[in-house]
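Below is one structure, written out as structure tokens; comments come after it.
In this note's numbering, the protein residues as written are 1459 to 2214.
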């Protein structure tokens, strides 16, 4: 039996000493890396908790403000005043007023963004409480309903004996925050509004689990930990005010204090323990241990393989074995380089699509109802992420797919995951815009795309309109997709960037408003009190588009008569009129012959802001509307919208066989916008313009295919590309062109057989 060869320790070390040195170095780096990573994770987790504190503070302010709006809306409701003075009213009249108040409460439930638990109006003198679901009368029933809604924090009998004269009071129970709003009339309390909402909505903790304390400098009024007494609360408050941390039972906490005037001399303190689980250290340590065990096992297996497969043969066949091993190492190195290159390419590709999503999220924050300083900071971050220097001139314009006749992008979604609408737009803009020295990016905001970047003074509106024209032509020609675009906007600085972003989003919303029949969809909503107002607004815009100024004035007078009356409702009336005028001005800009400078001279915002009573407000609004009518009338084209659409129809009939005919080229031919042309054509002809062009081409192709090939028929009927003819033919006729030709051949054979 042959004795197995063995290597001495010296022989092993003489060959493997570089390997062992590398292993020891890696192990040392691994240990050091664990320590550094542990510190970084702790620091990053603390920073993450601090950011979540800011989110909690913003949400607390937003929830309190929304709750106050509900109470203020009811406090200014004349129905409550009428109910509090029932003298001379019959039982039927009182019951009717109560029913009206219940509908008001129900409507508030539909339109409110606050998920409250209970909302009721309490009339102490009438011994009556009204909610959207029921009406309680009598001392005993009212006492029970009030106690149930407030978890015994508010008592009806106590309110009768000791009325609460402050306009707003806050009470807290184990699971609720109760807002009590007093309603006055002639220096006396006529009713109370009681709003009860979940405490976890007032203080949304998200994924944090910590201590909540509500109180002031003298003590707390609520805590979610019964073990905290007043003395400990004051000590915790002192520590938090000094360094935003405190210790309790040997555990360190991070904390923040939310201070708002609405909390009535109180504030909300939130503390989160810095436990290993809170900062993610436990999972990190477990992962590091298992990784270390895996590394040790892998090294042991690798050493055994090297010993059996390399070191022993090296003793007898050193030269041959080393040469083979060198070739193997070179191959591994080459494979590693290829893998790193592929990984880098994948990372670059991913960045192209992550950055648009990130910028889109920042744009949504800019347009949300955040404090002004937050919006400005967000605008700077958005510009930085897009590569726009704050002192440089920038541009903005918005895009979205108005019509996708052949479901091109829907098919892309399941046929090839790598080819998506954002992929197509990225490549097109890369060639048309960003390849020409423009630095910027695309932002994805829902179904909209916003293109933004730096530009020079020479790159004006005409330059970008040329880019947009090429984009819309390409989408129409190759994808049968109508692309809607806003006018390009320009500016310098973060403040101007914030304003132009909001204008671009408003313009996109206006285009989208006409893309779908919004009013028809809103008819399905139950008890929508704004539906008649929205219908009248839509009717007014249609009248202006049709240059029907008499009908527009009648509709405007109806809208003004529907505005809320009374001094208390001036703010609501202003909000409605602001929205109405914004939509009217967007409709005017869309009409041919009207420039932005004419709209800017209206200065309606400053004019309406300075009005302080409802009568002057109505008069000023009527003056502004008269000026809008004048601008529209002075720029009116010589022919009406329906007459123009008849001309468009004639033009399409004469030129539909031209491959260059698109919705954009027709709009340019008649000097109107794509959105206006699409909307007016569909209104007058009861069919989409692109559908009409395709139907004419298909009918022409059917005639040609009786004697010509499919390729020839596509060229002569205006398709140009045979594949476009095949897709459209199958969509409209339910068969391919070849199947149609076969059907024609069969019909001819049957006809010939019948004649024979």
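Think of the CB as a built atom: it goes at the ideal place given N, C-alpha and C, for glycine as much as any other residue.
Got a sec, what are the start and stop residues for the alpha helix (DSSP H) residue i sits in?
i, result
"residue 2142", "2132 to 2143"
"residue 1549", "1549 to 1569"
"residue 1695", "1688 to 1701"
"residue 1923", "1919 to 1937"
"residue 2083", "2072 to 2092"
"residue 1575", "First-last for residue 1575: undefined, no H or E at that position."
"residue 1725", "No alpha helix (DSSP H) contains residue 1725, which is instead part of the beta strand (DSSP E) from 1725 to 1731."
"residue 2183", "2180 to 2191"
"residue 1595", "No alpha helix (DSSP H) holds residue 1595; the beta strand (DSSP E) holding it covers 1593 to 1595."
"residue 1627", "Looking at the DSSP string, residue 1627 is not in any alpha helix (DSSP H); the run it does join, the beta strand (DSSP E), is 1626 to 1630."
"residue 2062", "2062 to 2067"
By the DSSP assignment, the beta strand (DSSP E) with residue i in it spans what residues?
i, result
"residue 1879", "First-last for residue 1879: 1879 to 1890, but that is the alpha helix (DSSP H), not the beta strand (DSSP E)."
"residue 1901", "1898 to 1903"
"residue 1653", "1646 to 1656"
"residue 1710", "1709 to 1717"
"residue 2019", "Residue 2019 -> not in any beta strand (DSSP E); alpha helix (DSSP H) instead, spanning 2007 to 2019."
"residue 1639", "1634 to 1643"
"residue 2121", "Element bounds for residue 2121: not the beta strand (DSSP E) but the alpha helix (DSSP H), 2121 to 2128."
"residue 1908", "1906 to 1912"
In or out: residue i buried (at least 16 other Cβ within 10 Å) or exposed?
i, result
"residue 1922", "buried"
"residue 1495", "exposed"
"residue 1498", "exposed"
"residue 2208", "exposed"
"residue 1624", "exposed"
"residue 2020", "exposed"
"residue 1918", "exposed"
"residue 1633", "exposed"
"residue 1904", "exposed"
"residue 2136", "buried"
"residue 1975", "Below a pLDDT of 50, predicted positions are generally treated as unreliable, and residue 1975, at 40, falls in that range; the measurement from the model is reported next regardless. Exposed."
"residue 1873", "Residue confidence for residue 1873 is low, a pLDDT of 45 falling below 50, so the modelled location carries little weight; the figure read from the coordinates is stated next. Residue 1873 is exposed by the Cβ-count criterion."
"residue 1581", "buried"
"residue 2215", "Residue coverage of the chain in this structure runs from 1459 to 2214, which leaves residue 2215 outside it and unanswerable."
"residue 1894", "exposed"
"residue 1988", "Any reading at residue 1988 needs caution, since the residue's pLDDT is 46, under 50, leaving its predicted position unreliable; the model's value is listed next. Exposed, because fewer than 16 other Cβ atoms sit within 10 Å of the Cβ of residue 1988."
"residue 2171", "buried"
"residue 1747", "exposed"
"residue 1914", "exposed"
"residue 1925", "buried"
"residue 2195", "buried"
Which whole-angstrom value is the C-beta distance of residue i and residue j, which I expect to be below 8 Å?
i, j, result
"residue 1721", "residue 1525", "The pair is not a contact, with the Cβ atoms about 12 Å apart (cut-off 8 Å)."
"residue 1888", "residue 1898", "Actually they are not in contact, since the Cβ atoms of residue 1888 and residue 1898 sit about 11 Å apart, beyond 8 Å."
"residue 1507", "residue 1717", "Going by Cβ atoms, the distance from residue 1507 to residue 1717 rounds to 19 Å, so no, they are not a contact pair."
"residue 1902", "residue 1814", "5 Å"
"residue 1521", "residue 1660", "5 Å"
"residue 1694", "residue 1706", "7 Å"
"residue 1823", "residue 1836", "5 Å"
"residue 1542", "residue 1643", "7 Å"
"residue 1641", "residue 1538", "6 Å"
"residue 2076", "residue 2018", "6 Å"
"residue 1585", "residue 1597", "6 Å"
"residue 1833", "residue 1964", "Not really, about 15 Å apart at Cβ, beyond 8 Å."
"residue 1696", "residue 1712", "Residue 1696 to residue 1712, Cβ: 16 Å. No contact."
"residue 2103", "residue 2138", "6 Å"
Within this structure, are the beta carbons of residue i and residue j separated by less than 8 Å?
i, j, result
"residue 1576", "residue 1607", "yes"
"residue 1636", "residue 1611", "yes"
"residue 1666", "residue 1681", "no"
"residue 2154", "residue 2114", "yes"
"residue 1600", "residue 1556", "no"
"residue 2152", "residue 2190", "yes"
"residue 2160", "residue 2198", "yes"
"residue 1821", "residue 1909", "no"
"residue 1560", "residue 1533", "no"
"residue 1940", "residue 2087", "no"
"residue 1855", "residue 1944", "yes"
"residue 2069", "residue 2080", "no"
"residue 2082", "residue 2039", "yes"
At a cut-off of 7 Å, is residue i close to the ligand FMN when judged by its beta-carbon and the heavy atoms of the ligand?
i, result
"residue 1904", "The ligand FMN is absent from the structure shown, which contains no ligands of any kind."
Is there a Cβ of chain C sitting closer than 8 Å to that of residue i, yes or no?
i, result
"residue 2198", "As a matter of chain content, chain C is missing from the structure shown, which is built from one protein chain."
*Can you check the region 2142 to 2175 for any alpha helix (DSSP H) of at least 4 residues that lies completely inside it and give the ranges in chain order?*
For the region 2142 to 2175, whole alpha helix (DSSP H) runs of length 4 or above, ordered along the chain, are 2147 to 2162, 2168 to 2175.
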